[in-house]
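Residue numbers (the working numbering): 4 to 478.
Think of the CB as a built atom: it goes at the ideal place given N, C-alpha and C, for glycine as much as any other residue.
No experiment lies behind these values; they were computed from the predicted model shown.
Comments concern the structure below.
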Ligand code: ADP
Ligand code: MG
């Protein structure tokens with residue numbers, strides 16, 4: 004391709020942007036690239052099949068017209084889906100899945116279980132009734148990237164605060180999908196916060212909180228348990244989504260209020276935002292949302308690579324012969340997406356393999372070993388807000404229309420579609436969905452879901468439309 008081609012391409016994009024507007028452009032065309040132009044055909048590519056079919060069905064002529072304005076002899080635009088490593092590897096995964104039991108992922112990186120050899124911090128922590136802290140999960144080993152900068156900064160700030168400092172955000176609420184570093188960050192905070200004797204930081208899983216409380220109740224010293232909790236400076240609760248049971252929730256609510264009102268810090272992690280913690284009562288949810296709520300996004304490729312480099316370096320300290328060449332790390336970072344646990348699993352496999360066979364780690368071996376960790380279409384966490392936004396855009400109504408009580412046909416159908424998608428793409432319950440759609444009753448949601456289910460079985464264009472929306476939300 005010549006620089007003239009590229010200049011022309013830039014002008015075509017500008018033209019397109021001017022015609023469709025910034026929003027539409029950003030949604031559909033931002034990731035479109037020029038591959039080549041030959042004779043009367045220009046070849047463009049986009050990263051996903053969904054984008055391809057959407058552009059083809061809605062904007063094919065527009066795109067061609069923009070090209071023709073620059074280059075009148077073009078008569079055809081060919082759109083393809085760019086292949087990524089992940090996609091080309093996809094067929095192999097199926098084989099691996101059916102190839103029978105897979106090797107266990109539970110190979111310890113460090114050979115020894117350090118948990119038994121840690122110093123006084125964890126002893127003190129466990130004496131307080133805290134959950135065990137993993138010595139590998141510290142700020143030193145936590146790699147900072149775009150998706151977690153804010154969460155990291157907030158956690159660090161909390162860890163470094165001193166008794167008597169003004170609490171800046173309370174509670175600090177961190178949410179993210181599985182394997183994105185919540186536990187790592189929270190445990191880092193607990194280690195660092197307990198490094199001086201001045202303050203007590205207690206790290207508890209929600210389960211530990213429940214069992215501690217239930218056990219205390221059985222032993223009739225619930226009061227003592229509560230008192231003990233209230234003497235700590237920072238209460239850190241991990242995986243709050245697992246908190247269940249009415250009395251524990253009530254107790255959690257009291258503890259939260261007591262601590263916050265006393266100027267103590269509370270830090271929470273969960274797999275969803277406070278508004279989506281359905282089993283908690285509204286007051287608790289709003290209290291949780293009243294501090295600083297930070298989401299950690301998925302681990303980008305750069306961050307994955309950094310994490311792998313750190314992990315490999317750490318492993319080498321215990322296993323001097325374990326040398327993982329950079330191209331192998333790069334391959335894993337590219338192929339294994341999103342989830343930090345799978346990154347760890349991938350490295351552990353390489354380690355196990357190289358220990359067992361005594362062979363050096365090569366790209367080929369890595370490709371074979373991590374095959375089944377490669378998930379081309381790892382389902383994304385779909386949020387109700389995203390569904391509302393995407394559906395509103397598709398049907399040219401506003402999000403407020405979807406939530407409103409208007410009953411005109413042009414909003415009723417999109418609203419039903421959005422509710423249907425909320426039910427099928429998220430784990431939210433009918434009442435929760437109703438609440439998020441302007442406080443509707445769960446029977447209304449159920450009606451919408453059934454309605455769309457019925458329509459989809461007879462109306463193939465609606466079925467296609469819904470399929471497109473689903474893909475767009477999941478990509
Ligand atoms: P979560 O609690 O969100 O499910 P974890 O904290 O257990 O996730 O992280 C899963 C794995 O990924 C752990 O091995 C963790 O050390 C690693 N990990 C995740 N994020 C990072 C990061 N930013 N830096 C280093 N390791 C990370
Ligand atoms: Mg966790």
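Counting only unbroken stretches of 3 or more residues, the beta strand (DSSP E) elements lying wholly within the segment 240-302 are 268-273, 295-298, in sequence order. Rounded to the nearest whole angstrom, the C-alpha separation of residue 340 and residue 301 is 9 angstroms. Burial is judged here by how many other beta carbons sit within 10 angstroms of a residue's own beta carbon; residue 181 has fewer than 16 and is exposed. By the criterion of a C-beta distance shorter than 7 angstroms, residue 191 is surrounded in its chain by 140, 141, 142, 145, 158, once the five residues flanking it on both sides are discounted. Taking residue 36 as reference, the option from 58, 257, 209, 242 with the minimal CA-CA separation is 58.
Each of 152, 357, 389 was checked against the Cα of residue 299, and the nearest Cα belongs to 152. Here residue 295 is not near residue 440, since their CB atoms are 8 angstroms or more apart.
A residue is listed when its beta-carbon falls short of 5 angstroms from at least one non-hydrogen atom of the ligand ADP; in chain order these are 145, 146, 181, 182, 183, 184, 185, 186, 187, 310, 343, 344, 347. Here the segment 199-210 makes no contact with the segment 321-340; the two share fewer than three CB pairs at distances below 8 angstroms. Leaving aside the five residues that flank residue 278 on each side, the residues in its chain whose CB is nearer than 7 angstroms to its CB run, in chain order, 288, 292. In summary, residue 242 is buried, with 16 or more beta-carbon neighbours lying within 10 Å of its beta-carbon over all protein chains present. Per DSSP, residue 81 lies in no alpha helix (DSSP H) segment; the continuous beta strand (DSSP E) that holds it begins and ends at 79-84. Under the DSSP assignment, residue 423 falls in the alpha helix (DSSP H) whose first and last residues are 412-428. In the DSSP annotation of this structure, the continuous segment of the beta strand (DSSP E) that includes residue 36 starts and ends at 36-41. Nearest C-alpha to residue 11 among 47, 136, 74: 74. Your pair residue 70 and residue 15 checks out as a contact, with CB atoms roughly 6 angstroms apart and the cut at 8 angstroms. The alpha-carbon separation between residue 263 and residue 218 amounts to approximately 24 angstroms. Within the same chain, Cβ atoms closer than 8 angstroms to the Cβ of residue 52 are found at 84, 474, the five residues on either side in sequence being excluded.
Distance from the CA of residue 78 to the CA of residue 68, rounded to the nearest whole angstrom, comes to 9 angstroms. By the Cβ test, the segment 342-359 is not in contact with the segment 383-390, since fewer than three Cβ pairs between them sit closer than 8 angstroms. In the displayed model, residue 155 falls within a helix according to three-state DSSP. Contact between the segment 400-410 and the segment 451-460 is not established, with fewer than three Cβ pairs separated by less than 8 angstroms.
If you draw a 10 Å sphere on the C-beta of residue 61, you find fewer than 16 other C-beta atoms in it, and that means exposed. The alpha carbon of residue 231 has as its nearest neighbour, out of 244, 216, 221, the alpha carbon of 216. In the structure shown, residue 47 falls within a strand segment according to DSSP collapsed to helix, strand and coil. Exclusion of the five residues before and after residue 465 leaves 458, 459 as the residues of its chain whose Cβ lies within less than 7 angstroms of its Cβ. Residue nearest to residue 174 within the set 270, 253, 221, 208 is 270 (criterion: CA-CA distance). Comparing alpha-carbon positions, the option among 283, 133, 150 lying closest to residue 257 turns out to be 283. The C-beta distance from residue 356 to residue 372 rounds to 6 angstroms, short enough to meet the 8 angstroms contact threshold.
Boundaries of the alpha helix (DSSP H) harbouring residue 461: 445-461, taken from the DSSP string. If you draw a straight line from the Cα of residue 416 to the Cα of residue 394, it comes to about 10 angstroms. Rounded to the nearest angstrom, the gap between the Cα atoms of residue 45 and residue 374 is 36 angstroms.
Residue burial is scored here from C-beta neighbours: residue 326 has fewer than 16 other C-beta atoms within 10 angstroms and is therefore classed as exposed. By the CB criterion at 8 angstroms, residue 239 and residue 189 fall inside the cutoff. Residue 419 counts as buried, since at least 16 other C-beta atoms from the protein chains shown sit within 10 angstroms of its C-beta.
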